[in-house]
Amino acid sequence: MSRAVVVGGGVGGLAAAIRLRVAGHDVVLLERNAEPGGKLAVLERDGFSFDIGPSLVTLPHLFEEVLRLAGTSLHDEVELVRLDPQFRYVWPDGSVLVVPDDPTATAAAFDAFAPGAGDGWRRFESAGRRIWDVSERTFFAGPMSNPVDLARRMQRPSDLVAIDPLRSLRRAAASCFDDPRLVQWAGRYATYSGSAPDRAPATLACIPHIESRFGCWYPMGGLGRLRDALVRAAEHVGVELHTGVEVARVDADDRAVSGVVTASGDRVGADVVVANVDAEHLYADLLPDSRALRRVRRAERSTSGFVVCAGVEGTTPDVAHHTVWFAADPMAEFDGFRRGEVSDDPTIYACVSSVTDPSQAPAGHESWFLLVNVPQGAAIEREAHAELVLDRLAERGTDIGSRVRFVETLTPADLARRYRAPGGAIYGTSSNGRRAAFVRPGNRGARQGLYLVGGSSHPGGGLPLVLMSARIVADLVAADHRAGRSG
Ligand SMILES: Cc1cc2nc3c(=O)[nH]c(=O)nc-3n(C[C@H](O)[C@H](O)[C@H](O)COP(=O)(O)OP(=O)(O)OC[C@H]3O[C@@H](n4cnc5c(N)ncnc54)[C@H](O)[C@@H]3O)c2cc1C
1 MSRAVVVGGG
11 VGGLAAAIRL
21 RVAGHDVVLL
31 ERNAEPGGKL
41 AVLERDGFSF
51 DIGPSLVTLP
61 HLFEEVLRLA
71 GTSLHDEVEL
81 VRLDPQFRYV
91 WPDGSVLVVP
101 DDPTATAAAF
111 DAFAPGAGDG
121 WRRFESAGRR
131 IWDVSERTFF
141 AGPMSNPVDL
151 ARRMQRPSDL
161 VAIDPLRSLR
171 RAAASCFDDP
181 RLVQWAGRYA
191 TYSGSAPDRA
201 PATLACIPHI
211 ESRFGCWYPM
221 GGLGRLRDAL
231 VRAAEHVGVE
241 LHTGVEVARV
251 DADDRAVSGV
261 VTASGDRVGA
271 DVVVANVDAE
281 HLYADLLPDS
291 RALRRVRRAE
301 RSTSGFVVCA
311 GVEGTTPDVA
321 HHTVWFAADP
331 MAEFDGFRRG
341 EVSDDPTIYA
351 CVSSVTDPSQ
361 APAGHESWFL
371 LVNVPQGAAI
381 EREAHAELVL
391 DRLAERGTDI
401 GSRVRFVETL
411 TPADLARRYR
421 APGGAIYGTS
431 SNGRRAAFVR
441 PGNRGARQGL
451 YLVGGSSHPG
461 GGLPLVLMSA
471 RIVADLVAAD
481 HRAGRSG
């Protein structure tokens, strides 16, 4: 077996390291930050705890799959709670839709919200089910170096039709819902890959289906518990994990990689290098390659985010674990993103984890994580923008301003610095445009023995997808090893 170096300890990197180690490789993981986990990070202050990256867990079986390989289980490692209700949605006109964790009750909630919308939801949901059932065994099941890879995994022409790649998510939603508020609701799922409702494919309709069918989950103690479980599993199987070690260079000749060199000049030899860093960082800095870099830049970056973590005194009536306050104009903020403009009337998402988990805030207090989408690379004045977000929240009926004890913020520049994520893109690459899935970097790199795992490569960003990319990379390494192409 070979010696593998994983560069970056994000969720994709940790999962890939575990998989490769279990497959018999010697694995060294090098993470530049003091803590592994990458964007899955936690902020603690004055007895409050905030998940400052992902706050929603879907498809937890993908964590289970990796932990099982390491001889443990999700159940043994974390206490997962299936949230009910899943989300509370609030519109500027004061209308509210609460989505429960039950399909029949969800259809009824849609009907109560707008007469007849229950049927629309059922149609939207069953289209999402078809998309998921096909894409799970095709798009997500293996590498995507070119469309032929995907075509090979399709069993019949109707599979391609089922994943609805040509219509936008917004158009698909408009074909199911007459009420523009519900088209706005459905379009929100484009933001799960940092994309826009009118530019992301209808394929993303599988996400609300996934939430409805498999649930929205929260690990008690916060999402850091999932990171800790992966780290324990990695150490248990014998991954050599080093934090505070920045990789400065991937060593390679024109043909193959031979290891990495750290910023302090240490060389780690390897015949497999798995880059969990953003593909742009890889080909711009670690293994300068103008051709590969040009290809990577064909993929549009995902949006970034502006994060406000607020320690709040007292309790807020009607607050849910996950709440979304929609903007008045459903498309204005997304149209602005194309021009690099930050909206002053953004959709606001809040995760108030203390609703479910008292450990997240001192008694009688709440921990608020607020996220608004902003264009990647946007320059943001943090105090002013935090104030804007809290003001908009107050205008939309939830005024926490006077109860805020402190605020911590993260701008796109902070995200870029913390995770070496170009532009502070929170999901890596977006799903905007019909070609997005095909121009996103594949999992095989530009040299023999080089592989890419994580949000900037196939199949994209978000915890479930980066866990899938780890599986795809481990399969590729095994296939290449059998074919004598690595190790
Ligand atoms: C604010 C926010 C909210 C989000 N919300 C959700 C959500 O609710 N649900 C969801 O599923 N997903 C969400 N995501 C997305 C999700 O967090 C990411 O898609 C996922 O965590 C990315 O994992 P990754 O494997 O790509 O690695 P990353 O998290 O990108 O980690 C890469 C690692 O590589 C390290 N690194 C970079 N360069 C070097 C180098 N030269 N040497 C050594 N190490 C290096 C970095 O320090 C980092 O730790 C959110 C992300 C953010 C930021």
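Per the working numbering, residue 1 is the first one in the sequence shown, and the count goes up by one each step.
Each residue gets a CB set at the ideal place from its N, CA and C atoms; glycine is no exception.
Just mark residue i as buried or exposed, buried being the case when its beta carbon has 16 or more other beta carbons within 10 Å.
i	result
P36	buried
V230	It should be noted that the sequence gives Leu, not Val, for residue 230. With 16 or more Cβ atoms within 10 Å of its Cβ, L230 is classed as buried.
H365	buried
L67	buried
R45	exposed
G340	exposed
A378	buried
A479	exposed
D159	buried
T138	buried
D228	buried
P288	exposed
H458	buried
P346	buried
S95	exposed
A363	exposed
I'd like to confirm the pairing. Which residues does DSSP put opposite residue i in its beta bridges?
i	result
H242	L30
C206	According to DSSP, C206 bridges with nothing at all.
N373	G305
R448	It is Gln, not Arg, that sits at residue 448 in the sequence shown. A256.
P201	S168
C351	H322 and F369
V277	DSSP lists no partner for V277.
D251	G259
E313	H365
Is it true that the CB of residue j sits closer than 8 angstroms to the CB of residue i?
i	j	result
S73	A279	no
G194	L169	no
G215	D101	yes
R489	A141	Outside the modelled stretch of the chain, which goes from 1 to 487, sits residue 489, for which no answer is possible.
A69	I131	Inspection of the sequence shows that residue 69 is occupied by Leu rather than by Ala. Against a cut-off of 8 angstroms, the Cβ pair of I131 and L69 comes out as no contact.
V308	L370	yes
V250	A4	no
G428	P412	no
P60	L43	no
A41	A470	no
G38	G71	no
V57	Y218	yes
P375	T315	no
V372	F306	yes
A127	D164	yes
V272	V260	no
R434	P201	yes
L241	L29	yes
L226	F63	yes
A173	V183	yes
V239	V27	yes
Compute the Euclidean distance between the alpha carbons of residue i and residue j, then round it to the nearest angstrom.
i	j	result
A162	T106	23 angstroms
G487	H209	In this prediction, G487 has a pLDDT of 47, which is less than 50 and means its spatial position is unreliable; nothing more can be read from the coordinates.
H385	W91	21 angstroms
E125	A205	8 angstroms
G8	V257	17 angstroms
N33	H281	16 angstroms
D111	W185	14 angstroms
A416	A108	42 angstroms
P147	S212	30 angstroms
R199	D399	33 angstroms
C351	V99	15 angstroms
A12	A394	Position check: residue 12 holds Gly in this sequence, whereas Ala was assumed. Whole-angstrom Cα-Cα distance: 38 angstroms.
R167	T203	8 angstroms
A310	A270	44 angstroms
A483	P330	51 angstroms
G120	D149	34 angstroms
R295	G222	37 angstroms
S367	S290	45 angstroms
Q) Any chance the region 316-324 sits against the region 355-365, with 3 or more Cβ pairs inside 8 angstroms? A) yes
Q) Contact between the region 39-55 and the region 467-477: three or more CB pairs below 8 angstroms? A) no
Q: Spell out a yes or no on whether the region 6-22 and the region 402-413 are touching, meaning 3 or more CB-CB pairs, one atom from each, closer than 8 angstroms.
A: no
**Q.** Cβ contact (3+ pairs, closer than 8 angstroms) linking the region 104-122 and the region 172-189
**A.** yes
Q) Quick one: any contact between the region 251-267 and the region 443-452, if contact means 3 or more CB pairs under 8 angstroms? A) yes
Q.
With three or more beta-carbon pairs closer than 8 angstroms as the criterion, would you say the region 253-268 touches the region 375-394?
A. no
Q: Please confirm if the region 430-445 is in contact with the region 289-304, defined as three or more CB-CB distances below 8 angstroms between the two stretches.
A: yes
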